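Comments concern the structure below.
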Amino acid sequence: MKAGPEAALYAHYAARLRPAPEVTEIPEARGSAGEIRKREGAALLAALPADAVAVALDLGGEQPDSERFAALLARWEEAGRTPCFIIGGAEGLDPSVTARADHRIALGPLTWPHFLVRGMLAEQLYRAQAIRQNHPYHRAWRP
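Per full-length UniProt numbering, the very first residue in the sequence shown carries number 1; after that it's consecutive.
The following block contains the structure:
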């Protein structure tokens, strides 16, 4: 990710997370949209740790609220499994990736550029951490 406001947003929230998240980037593929999805999908699957909970960020996925997201993270942690969030590139995720995913989550019904999704996900991970620690950051009383 290039330096800029999107990278700064991610860094702002990632710095607050314990443990710190690890990011694995894959190179952008070239070709038609289908070829790009297929190549990037293969690279994403190859980078996925075998024992991780694969969570695809996908428009067709579940749209949990922040409390439910925090509960999912707690459940995975209690099971001793580390979530690995998969964010597709500009062409989206290949069906092989969504088929492999243990969970599919959407950050709402809108389409978000992949470089913003990283920052939004980091904020939600921080929010989930705050919820689980009863920290006032979340402000559950707000709609």
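Think of the CB as a built atom: it goes at the ideal place given N, C-alpha and C, for glycine as much as any other residue.
Quick caveat: nothing in here was measured; it's all calculated off a predicted structure.
**Request:** In the DSSP assignment, find the alpha helix (DSSP H) that holds Pro95 and state where it starts and stops.
**Result:** 95-100
**Asked** Which value, in whole angstroms, describes the spacing of the CA atoms of Glu67 and Gly31?
**Response** 40 Å
**Message:** Strictly by DSSP, which residues pair up with Pro83?
**Reply:** Val53
**Message:** Run through the DSSP bridge pairs and tell me what Glu62 is partnered with.
**Reply:** Ile105
**Request:** Look at the alpha carbon of Val53 and the alpha carbon of Gly88, and state the distance between them as a whole number of angstroms.
**Result:** The alpha-carbon atoms of Val53 and Gly88 are separated by roughly 16 Å.
**Message:** Between which two residues does the alpha helix (DSSP H) holding Leu125 run?
**Reply:** 114-132
**Message:** Using 8 Å as the threshold, is the C-beta distance between Ala56 and Val97 below it?
**Reply:** With a cutoff of 8 Å on beta-carbon distance, Ala56 and Val97 are scored as near each other.
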